[in-house]
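Enquirer:
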DNA sequence: TTGTCGAGTAACTGATATAGTTGCATGACT
DNA sequence: AGTCATGCAACTATATCAGTTACTCGACAA
Ligand code: FES
Ligand code: FES
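Residue numbers (the numbering used here), protein chains in the order written: chain A, 1 to 136; chain B, 1 to 136.
1) Here's the rule: buried if 16 or more other CB atoms are within 10 angstroms of the residue's CB, otherwise exposed. What is residue 60/A?
2) In this structure, does DSSP put residue 34/B in helix, strand or coil?
3) Note down the Cα distance separating residue 4/B from residue 22/A, rounded to an integer number of angstroms.
4) Quick check: is any heavy atom of ligand 1 less than 8 Å from the C-beta of residue 96/B?
5) Please report the straight-line C-alpha distance between residue 101/B and residue 37/A, rounded to a whole angstrom.
6) In terms of residues, what are the limits of the beta strand (DSSP E) holding residue 55/B?
7) With a Cβ-Cβ cutoff of 9 Å, do residue 70/B and residue 8/B count as a contact?
8) Between residue 75/A and residue 39/B, is the Cβ-Cβ spacing less than 9 Å?
9) Do you know offhand how far residue 81/A's Cα is from residue 68/B's?
10) Taking the C-alpha atoms as reference points, what is the distance between residue 105/A and residue 116/B?
11) Let me check you understand the geometry: is the CB of residue 33/B closer than 8 Å to at least one non-hydrogen atom of ligand 2?
12) Sorry if obvious, but does the Cβ on residue 19/A come closer than 8 Å to a heavy atom of ligand 1?
13) What are the start and end residues of the beta strand (DSSP E) that includes residue 66/B?
14) Going by other Cβ atoms of all chains shown within 10 Å of its Cβ, with 16 needed for buried, is residue 77/A buried or exposed?
15) Beta-carbon of residue 109/A versus every beta-carbon of chain B: anything under 9 Å?
16) Going along the chain, which residues of its own chain have a beta-carbon closer than 7 Å to the beta-carbon of residue 138/B, five neighbours each way excluded?
17) Using DSSP bridges, identify the partner residues of residue 25/B.
18) Where does residue 190/A land, buried or exposed, given buried means 16+ other C-beta within 10 angstroms?
19) For residue 67/A, is the beta carbon positioned less than 8 Å from some heavy atom of ligand 1?
20) What residues in the stretch 23-39 of chain A bring their beta carbon closer than 9 Å to a beta carbon of chain B?
21) Does residue 114/B get closer than 9 Å to chain A when you measure Cβ to Cβ?
22) Looking at the C-beta of residue 60/A, does it have a partner C-beta in chain B at a distance below 9 Å?
23) Below 9 Å between beta carbons: does that hold for residue 19/A and residue 99/B?
24) I need the straight-line Cα distance from residue 85/A to residue 121/A, nearest angstrom please.
25) From the beta carbon of residue 19/A, is the nearest beta carbon of chain B less than 9 Å away?
26) Label residue 110/A either buried or exposed according to how many other C-beta atoms from any shown protein chain fall within 10 Å of its C-beta, with 16 as the threshold for buried.
27) Would you tell me roughly how many angstroms separate the C-alpha atoms of residue 27/B and residue 96/A, rounded to the nearest one?
28) Between which two residues does the alpha helix (DSSP H) carrying residue 4/A extend?
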């Protein structure tokens, strides 16, 4: 895979689980569907569990399940649960001159606004509806 | 540095050059300002040269210079010149089921729209004005 | 015309991020 | 008690990127 396959994996897994919401699935099953590794699945879906999107049960009849109906899970929920922001402008290095500081601040403001708008738009797309093709 | 320091380097270098547009600067000078390496500077600024934002001259009195006035260079110009898109959803792997295909398509449409909006906003910010602090 | 200097570029190194893997502890059900 | 699945730590492999070295090409000067 490549960078940021985590979002793809999370979206596909949740969408797949939405087809049979009552069925418990093991990480091994989900990994097979996504053609990856059970531990990778548990790592990524673990974030969704912490965010309250999924439930996981240990033990003999354990597995993963949606925590609520698919039409109440938005793509924004999943995007935010993974906690991976865009923010291409680095804030870690202390700016070495006032010009750089002013410039990065202005660009960061625009970037942050863009991401907020993106999240707003992703909020309008639920997993339930995202599973079906677009008409146009 | 960290990921996407190229945009920071490009922005800072162009902003610095805007303070004395007529002066030619060598990659060694620019690298010293940005606390990095001359080859790295040439790699990044080379993209801006290809995009027509900067001019570079070889030889004894060679160096780098803005190709046009700073108020006619927008942050979007630089962002686009580097040709690094966001697009967190991978398109390289062929989708393995129709659900994944539909879902990634819908998410991609929203992501692409967000990036187009971002670029529109960056177009409104020129290097000339970005060099000064924000009032608010 | 020859030497110097700077851009341009290819090749390599080191650091970092991420997917994948192994192994084991914990907890739930049989 | 035994089985099975999650949770998690540690490790490996790979890709990306900044940094570095070492060259070629071209422009200008002596
Ligand atoms: S394999 Fe079930 S949604 Fe793709
Ligand atoms: S050092 Fe000149 S603009 Fe930052």
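Ideal placement from N, C-alpha and C gives every residue a C-beta, glycine not left out. This one's a predicted model, so the numbers in the text were calculated from it and none came from an experiment.
Expert: On the basis of the supplied data:
1) In the first chain, residue 60/A corresponds to position 60, counting from 1. Exposed, because fewer than 16 other Cβ atoms sit within 10 Å of the Cβ of residue 60/A.
2) Counting from 1 along the second chain, the entry for residue 34/B is found at position 34. Helix.
3) Position 4 of the second chain, counted from the first residue, corresponds to residue 4/B. Position 22 of the first chain, counted from the first residue, corresponds to residue 22/A. Looking at the two C-alpha atoms, the distance is approximately 43 Å.
4) Within the second chain, numbered from 1, the residue matching residue 96/B stands at position 96. Flag set: Cβ of residue 96/B near ligand 1.
5) Locating residue 101/B in the second chain gives position 101, counting from the first residue. Locating residue 37/A in the first chain gives position 37, counting from the first residue. Rounded to whole angstroms, residue 101/B to residue 37/A spans 21 Å at the Cα level.
6) Looking up residue 55/B in the second chain gives position 55. 54-57 is the span of the beta strand (DSSP E), which, as asked, contains residue 55/B.
7) Stepping through the second chain from its first residue, residue 70/B is reached at position 70. Stepping through the second chain from its first residue, residue 8/B is reached at position 8. Cβ atoms of residue 70/B and residue 8/B: not closer than 9 Å.
8) Taking the first chain and counting its residues from 1, the one referred to as residue 75/A is at position 75. Taking the second chain and counting its residues from 1, the one referred to as residue 39/B is at position 39. No; because the gap between Cβ atoms is not below 9 Å, this pair is not in contact.
9) By 1-based counting over the first chain, the position of residue 81/A is 81. By 1-based counting over the second chain, the position of residue 68/B is 68. If you take the alpha carbons of residue 81/A and residue 68/B, they lie about 44 Å apart.
10) Here residue 105/A is taken as the residue at index 105 of the first chain, counted from 1. Here residue 116/B is taken as the residue at index 116 of the second chain, counted from 1. Cα-Cα distance, rounded: 21 Å.
11) In the second chain, residue 33/B corresponds to position 33, counting from 1. Answer for residue 33/B: yes, Cβ within range of ligand 2.
12) Along the first chain, read from residue 1 onward, the residue named residue 19/A stands at position 19. Yes.
13) One-based indexing of the second chain puts residue 66/B at position 66. Where residue 66/B is concerned, the enclosing beta strand (DSSP E) stretches over 63-66.
14) Here residue 77/A is taken as the residue at index 77 of the first chain, counted from 1. Looking at its Cβ environment, which holds 16 or more other Cβ atoms inside 10 Å, residue 77/A is buried.
15) As a first step, residue 109/A must be located in the first chain, where it is residue number 109. Closer than 9 Å: yes.
16) Beyond the ends of chain B as shown, which are 1 and 136, falls residue 138/B; an answer cannot be given.
17) Translated into the one-based positions of the second chain, residue 25/B becomes position 25. Answer is 64/B.
18) In the structure as shown, chain A begins at 1 and stops at 136. Residue 190/A is therefore absent and cannot be evaluated.
19) Taking the first chain and counting its residues from 1, one reaches residue 67/A at position 67. Answer for residue 67/A: no, Cβ out of range of ligand 1.
20) 33, 34 and 35
21) Along the second chain, one-based indexing puts residue 114/B at 114. Yes, residue 114/B lies at the interface with chain A (some Cβ there is under 9 Å from its Cβ).
22) In the first chain, residue 60/A corresponds to position 60, counting from 1. It does not; no Cβ of chain B falls within 9 Å.
23) Taking the first residue of the first chain as 1, we reach residue 19/A at position 19. Taking the first residue of the second chain as 1, we reach residue 99/B at position 99. Result yes, Cβ atoms of residue 19/A and residue 99/B sit closer than 9 Å.
24) Within the first chain, residue 85/A is the residue found at index 85, counting from 1. Within the first chain, residue 121/A is the residue found at index 121, counting from 1. Answer to the nearest angstrom: the Cα atoms are 15 Å apart.
25) Locating residue 19/A in the first chain gives position 19, where the first residue counts as 1. Output row for residue 19/A: interface = yes.
26) Within the first chain, the letter at position 110 stands for residue 110/A. With 16 or more Cβ atoms within 10 Å of its Cβ, residue 110/A is classed as buried.
27) Taking the first residue of the second chain as 1, we reach residue 27/B at position 27. Taking the first residue of the first chain as 1, we reach residue 96/A at position 96. Cα-Cα distance, rounded: 18 Å.
28) The residue you call residue 4/A lines up with position 4 of the first chain. From DSSP, residue 4/A is part of no alpha helix (DSSP H); its letter is neither H nor E.
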